[in-house]
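Residue numbers (the numbering used here): 4 to 244.
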């Protein structure tokens with residue numbers, strides 16, 4: 004994806020705009036012979052260009068839900084759809100391909116490669132996906148300029164502020180034009196002012212590109228600025244007002 008290719012959310016059939024869908028998803032863990040049900044019949048639809056806040060206390064299953072949505076783990080029951088494709092029964096190679104091309108991840112700690120510049124960190128996933136270096140770097144430059152980091156292209160992570168590092172991580176996450184963006188406390192280690200600035204950049208990118216975003220956060224002020232808020236109660240996804 005380049006900024007020249009971004010588009011607004013499509014109109015028409017809602018099913019055509021459905022980027023991420025969970026249907027009857029259940030997940031259980033066993034410890035000491037006891038079963039612990041984390042998700043139980045979880046249902047969720049997230050559409051292109053939509054930003055959804057996942058707000059729940061620690062231990063409620065936020066990470067498990069993100070792992071299911073990101074195909075990092077498989078449900079014990081139910082199905083996960085990415086762009087309308089059922090994914091739970093796919094083999095490892097195909098699931099890896101979908102994660103690489105259709106899903107972007109942003110974590111609380113940016114996970115940037117310290118020995119590479121901001122430009123290289125964003126270009127690398129595209130090169131792994133098969134783009135030539137020159138094309139990948141041009142697309143990376145456009146994304147970083149969109150994130151207001153045009154003057155920091157050659158800087159390594161240690162030379163960037165926390166907010167700048169996280170904006171690089173967001174650019175990297177969408178570099179391959181994913182359908183789904185999953186973020187786990189992406190502003191959790193930032194001060195309030197920087198947190199708000201990074202969130203604004205993320206929201207603008209979601210709106211411009213049409214990617215759907217599911218963002219786990221404890222920050223209720225940020226959650227209120229999203230399109231919808233959901234939580235987890237007894238293993239089920241519940242909409243919050």
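Think of the CB as a built atom: it goes at the ideal place given N, C-alpha and C, for glycine as much as any other residue. Keep in mind the model is a prediction, meaning the values are calculated, not measured.
Quick one: is residue 10 buried, meaning 16 or more other Cβ sit within 10 Å of its Cβ, or exposed?
Here residue 10 scores only 37 on pLDDT, less than 50, and its place in the model is too uncertain to base an answer on.
Taking Cβ to Cβ, would you say residue 43 is nearer than 8 angstroms to residue 84?
No; because the gap between Cβ atoms is not below 8 angstroms, this pair is not in contact.
I need the straight-line Cα distance from residue 21 to residue 237, nearest angstrom please.
Each residue's alpha carbon lies about 26 angstroms from the other.
CA-CA distance, residue 97 and residue 129?
18 angstroms
Using a 10 Å radius around the Cβ and a threshold of 16 neighbouring Cβ atoms, would you call residue 196 buried or exposed?
Exposure of residue 196 is indicated by the presence of fewer than 16 other C-beta atoms within 10 angstroms of its C-beta.
DSSP puts residue 88 in a beta bridge; with which residues?
85
Ignore the nearest five residues each way along the sequence and tell me which others in residue 109's own chain have a CB closer than 6 angstroms to its CB.
172, 173, 176, 186 and 189
Ends of the beta strand (DSSP E) at residue 224?
If you look at residue 224, you'll find it isn't in any beta strand (DSSP E); it sits in the alpha helix (DSSP H) that goes 223 to 226.
Run through the DSSP bridge pairs and tell me what residue 37 is partnered with.
In the DSSP output, where bridge partners are listed per residue, residue 37 has 34.
So is residue 68 buried or exposed if we call it buried at 16+ other beta carbons inside 10 Å?
Answer is buried; the Cβ neighbour count reaches 16.
Does the Cβ-Cβ distance between residue 156 and residue 144 come in under 8 angstroms?
yes
Residue 242 lies in the beta strand (DSSP E); which residues open and close that run?
Taken as a continuous stretch (DSSP letters only), the beta strand (DSSP E) holding residue 242 covers 239 to 243.
If you pair each beta-carbon of the segment 225 to 232 with each one of the segment 43 to 62, do three or more pairs fall below 8 angstroms?
yes
CA-CA distance, residue 62 and residue 244?
22 angstroms
Thinking just about the alpha-carbon of each residue, which of 162, 104 and 225 is nearest to the one in residue 118?
162
What three-state label does DSSP hand residue 3 in the structure shown?
Residue numbering for the chain in the displayed model covers 4 to 244; residue 3 lies beyond these limits and cannot be assessed.
Give the range of the alpha helix (DSSP H) segment to which residue 187 is assigned.
DSSP places residue 187 in no alpha helix (DSSP H) but in the uninterrupted beta strand (DSSP E) bounded by 183 to 187.
Alpha helix (DSSP H) containing residue 108: first to last residue?
That residue, residue 108, is in no alpha helix (DSSP H); its beta strand (DSSP E) goes 106 to 110.
May I ask you to report which of helix, strand or coil DSSP gives residue 99?
Helix, per DSSP.
In chain order, which continuous runs of the beta strand (DSSP E) of length 3 or greater are located wholly inside the segment 109 to 138?
none
Would you say residue 183 and residue 72 are within 8 angstroms of each other, going by their C-beta atoms?
yes
Give the secondary structure of residue 24 by DSSP, where H, G and I count as helix, E and B as strand, and everything else as coil.
Three-state result, residue 24: strand.
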